[in-house]
Amino acid sequence: AIRETEICCKTGEIFEISKGNVIFVGLFLSKVINSPTSSTLTCRGGNVVLQGCTLTSSSGCSILCAVESIDCNVTCSDCQFVNGGNGQLALVAKDGAVATLDSCQLVGSTLYATSGGLIHIDATQLVESVNDSIIVDCDGVVKARNSKVIGSLQNGITVTKRGMLTMYKCLVIRSQKIGLLCAGSCSTIHVTESIIREGWSNGVHIFDGAQAEFEQCGVLINKGTGCLARGAGVTLRLVDTMVSSNVHDGLVVEDGASVD
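Everything in the sequence shown is counted per the working numbering, starting at 3 for the first residue and increasing by one.
What follows is the structure, encoded as structure tokens:
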């Protein structure tokens, strides 16, 4: 275990972990200079636990934590990921790796599940992400519970290219573009007891053959359309869901999409 340590790096990686079990407690990792090709912490195998840690970047584009292998499992609890630059990815899970965030806070940064990576999110808050707060594509999976996406400068959540998202008791609020976007013939979302509200554009936008289901949800007070389903092959299912007080239409179904 590594405890109560502060490390600052101007370029490249601070830690790379390939196997074994590693625990970080109260660690502060800071990257100062732009290094978009590497991450502050790279995990390619084993089990890694971060407890009460802070990972931060003060400039440029970078990845704070990369989880990159099918035999890699990273758990973050009570951690902070802070972006002081542009377009930062707080955590990337890919190639079958699994990451879990419990009671964490992300400021100005993005979670990205791709290439079979899985991210579990529980009791976590994503605030004012420079890009979309959560991106899921290429068979990536995100499972979110009891979490909040607040004030994204782009979309709140984007699911494309066979991505899958499940949400339970979550809030997506004040996204500057679309609250929740899902696109692609094998992309799916299932949202339960969650609220998407006060976005600057559409609350929900489903297109290009995607499948979406909302159960006991609210899509409220968005400046565009509440729910928009567009294109052949699109299926949008609304069960005990309220779509209300949006500036434009509540529900729009067009170009061959279906809603039940």
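Every residue gets a Cβ at the ideal spot worked out from N, C-alpha and C, and that includes glycine. For clarity, every value in this text was computed on a predicted model and none was experimentally measured.
Residue i: first and last residue of the uninterrupted beta strand (DSSP E) it sits in
i    : result
S41  : 41-45
Q107 : 107-109
C74  : 74-79
K163 : Element bounds for K163: n/a, residue is neither H nor E.
Q127 : 127-129
E217 : 213-217
R176 : Note, R176: premise wrong, no beta strand (DSSP E); not H, not E.
K150 : 150-152
V94  : 91-95
H207 : 206-209
V69  : 65-69
V138 : 136-138
Contact set for residue i: own chain, Cβ-Cβ below 7 Å, skip 5 residues either direction
i    : result
N23  : G48, N49
C188 : R164
N157 : D134, S177, K179, I180, L183
D262 : R239
Contact belief for residue i with residue j at Cβ below 8 Å, rounded distance in angstroms
i    : j    : result
W202 : K179 : 7 Å
D251 : T227 : 5 Å
T44  : L57  : About 12 Å separates the two Cβ atoms, so there is no contact after all.
G110 : S131 : 6 Å
I121 : S149 : No, I121 and S149 are not in contact; Cβ-Cβ is about 11 Å, not under 8 Å.
Q213 : T194 : Incorrect: roughly 15 Å between the Cβ atoms, too far for contact.
L240 : F216 : 5 Å
N224 : G186 : Wrong, their Cβ atoms sit about 22 Å apart, outside the cutoff.
C140 : C106 : That belief does not hold up - the Cβ atoms of C140 and C106 are roughly 24 Å apart, past 8 Å.
Same chain, Cβ closer than 8 Å to residue i, neighbours up to 5 away in sequence not counted
i    : result
D97  : E70, S71, I72, S117, G118, G119
N248 : G205, V221, L222, I223, N224, K225, G226, T227, G228
A234 : G211, D257, G258, A259
Strand pairing of residue i, partner residues [DSSP]
i    : result
H122 : T102, K145
M21  : The amino acid occupying residue 21 in the given sequence is Lys; Met does not appear at that position. K21 pairs with nothing; no bridge assigned.
E256 : R232
Q53  : V27, S79
V2   : With the chain covering 3 to 262 only, the question about residue 2 has no answer from this structure.
G48  : C74
S189 : Paired residue(s): none; S189 is not in a bridge.
N85  : S59
T112 : L91
V261 : L238
T194 : Y170, E217
Same chain, Cβ closer than 6 Å to residue i, neighbours up to 5 away in sequence not counted
i    : result
C229 : V206, V221, V245, L253
V94  : I65, A68, Y114
I152 : V129, I175
R232 : F209, E256, D257, A259
L167 : V138, V144, V161, I191
V84  : T58, V109
N75  : N49, V100
T102 : T77, H122
S196 : M169, C172, C219
E200 : I175, R176, I223
T126 : L103, C106, S149
I159 : I136, L182
E18  : T44
K21  : G47, G48
L155 : V132, Q178
A146 : I123, M169, C172
G142 : A115, T116, G119, G165
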